[in-house]
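Worksheet for the structure shown next.
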Amino acid sequence: MFTALVALGFAVNAQTLQVQSAMSDLKRGYLNKAKTAIDKACEHESTKDDAKTWYYAGLIYSMIGDAATDPNSKYKKYKDLDPDWSNKAYQAALRCKELDKAGDYDLKYIFSKIGADYYDKSIPLFNSGNYKEALDYSDKAIKIFNSSGDAELANESMYIAGYCCKMLKDNDGIKKYYGPLVRKSKVKEEFKTKMPHVYQTMYMLYKELKDTSNVIKTAERYTKVMPEDPNANMLLAQAYIWTGNNSKAFELANKSLEESKNNGELAYAKMLCAAAGIYEQGGDIQTAEAKYIESSKLVPNQFEANYGMGSMLVNRAADKNASINKMIEAGDFSEENEAVIAKLTEERNEYLRKTIPYLTAAIAFIDAQDESTQAQMRPNLHSCLRALNSSYVALEMYNESKPIKARIDQIEASAN
């Protein structure tokens with residue numbers, strides 16, 4: 332019995348030494364030996380329930396991640412030691428947190444490394460249109476960054492997650508990730524470039540749901556948090572248009588135009604397009620067209636003016652089409668009505684013919700951008716392609732429609 336107890340004591344000590352050996356090997360740069368030692372300690376009965384074991388396991392696997400992601404890492408020769416390092420580091424950190432009742436171990440560094448890896452993996456997936464996997468990694472990154480206290484990095488992942496949900500048409504997901512961002516009373520300067528998309532996405536979602544209160548609240552929050560952004564007043568102008576207060580909307584649109592005059596030609600050209608959209612929605616087509624033309628003269632090669640003019644012409648064609656359908660549904664096919672329908676059809680087709688060069692230019696602009704920008708503009712591309720395809724079909728230009736329809740199918744397939 333005494334011999335057995337001595338043997339047991341030796342085994343316990345040996346496994347404790349495995350943990351110490353793992354850390355010694357790590358300090359000396361032998362990451363492979365450190366991994367081997369800590370893996371044994373994580374499985375042995377005497378050390379697998381010790382918070383220290385799992386803390387060191389998380390640390391060692393984080394260093395494997397450091398080797399894999401940092402070309403200047405002292406462990407860089409071990410960059411291929413374990414491709415699954417982030418998941419193993421995460422499980423180790425969670426186990427340490429569970430066992431560490433006294434709070435002796437600071438896991439912030441480990442969680443930060445894991446979160447950064449998940450975030451980095453989400454970006455190329457998003458850019459390639461693999462939104463489901465990108466969302467999975469982003470969601471994991473949010474939880475991990477919240478555990479490490481990296482609130483700003485969590486915001487970055489929330490932005491990607493919300494964008495994925497938008498592309499997947501997951502309204503509950505958009506609310507889950509973008510709702511907390513909209514409710515923020517302050518936004519750090521480096522994150523402000525992303526917030527207009529967040530506000531506009533939530534605005535459009537609430538508008539689609541006919542949630543008037545939150546439509547107004549979202550636009551007002553934008554003006555309060557980012558008063559320096561002329562787009563904020565423009566979004567509020569859209570809200571006023573939607574509620575029927577056109578005069579207030581036009582006033583805010585003009586105010587935004589004045590505020591953006593000193594921001595450079597490109598910024599002003601974009602704001603002219605936004606103002607044109609407000610005037611179009613308010614029924615002043617002539618002013619809307621004038622502002623699109625002014626914008627195009629300032630910056631000939633741009634997306635906004637081409638897309639805006641193309642969309643406005645498509646909308647006017649749709650109005651003509653609605654009148655045609657109404658007459659057809661009435662069932663009166665007198666010679667006089669047939670003449671009216673023929674005239675309306677030609678007017679509709681003329682709008683559609685005019686829209687083709689604008690939409691083609693808008694698509695060409697997106698196609699000329701880098702991969703990341705193209706990914707962000709994929710919803711715009713989808714809208715342009717659908718509008719262009721509808722125009723081709725209505726005009727019976729079926730050969731021109733085929734490649735456009737193929738691109739639409741490709742985008743929709745990648746989002747499913």
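For what it's worth, the working numbering labels the leading residue of the sequence shown as 332, then goes sequentially.
We treat Cβ as the ideally placed atom computed from N, Cα and C, and that holds for glycine.
Since this is a predicted model, take the numbers as computed values, not measurements.
Opening and closing residue of the alpha helix (DSSP H) in which residue i lies
| i | result |
| --- | --- |
| residue 561 | 561-573 |
| residue 375 | Looking at the DSSP string, residue 375 is not in any alpha helix (DSSP H), and its letter there is neither H nor E. |
| residue 384 | 382-400 |
| residue 641 | 635-661 |
| residue 598 | 596-612 |
| residue 670 | 666-698 |
| residue 593 | That residue, residue 593, is in no alpha helix (DSSP H); it is neither H nor E in DSSP. |
| residue 429 | 416-430 |
| residue 403 | Unbroken run through residue 403: none, as it is neither H nor E. |
| residue 518 | No alpha helix (DSSP H) holds residue 518; DSSP gives it neither H nor E. |
| residue 710 | 709-725 |
| residue 545 | 543-556 |
Where residue i sits in the DSSP three-state scheme
| i | result |
| --- | --- |
| residue 511 | helix |
| residue 524 | coil |
| residue 631 | coil |
| residue 537 | helix |
| residue 360 | coil |
| residue 370 | helix |
| residue 576 | coil |
| residue 740 | helix |
| residue 354 | helix |
| residue 349 | helix |
| residue 410 | coil |
| residue 340 | Residue placement at residue 340 is poorly supported in this model, since its pLDDT is 39, which falls under 50; the coordinates still yield a value, given next. DSSP places residue 340 in helix when its eight states are reduced to three. |
Beta-carbon proximity check, residue i vs residue j, cutoff 8 Å
| i | j | result |
| --- | --- | --- |
| residue 566 | residue 531 | yes |
| residue 538 | residue 546 | yes |
| residue 761 | residue 466 | The requested residue 761 is not part of the displayed model; the chain covers only 332 to 747. |
| residue 711 | residue 697 | yes |
| residue 476 | residue 504 | no |
| residue 473 | residue 482 | no |
| residue 438 | residue 394 | no |
| residue 637 | residue 693 | yes |
| residue 283 | residue 702 | As shown, the chain starts at 332 and ends at 747. That puts residue 283 outside it, with no answer to give. |
| residue 629 | residue 596 | yes |
| residue 492 | residue 478 | no |
| residue 591 | residue 631 | no |
| residue 645 | residue 691 | no |
| residue 441 | residue 389 | yes |
| residue 613 | residue 581 | yes |
| residue 534 | residue 549 | yes |
| residue 689 | residue 651 | no |
| residue 719 | residue 742 | no |
| residue 350 | residue 383 | yes |
| residue 639 | residue 607 | yes |
| residue 471 | residue 499 | no |
Residue-chain proximity (residue i, chain B), Cβ-Cβ < 8 Å
| i | result |
| --- | --- |
| residue 400 | The question asks about chain B, but that chain is absent: this structure has only one protein chain. |
Problem set entry | Sequence ranges, alpha helix (DSSP H) only - wholly within the stretch 432-502, length at least 4 | 439-458, 462-479 and 482-498
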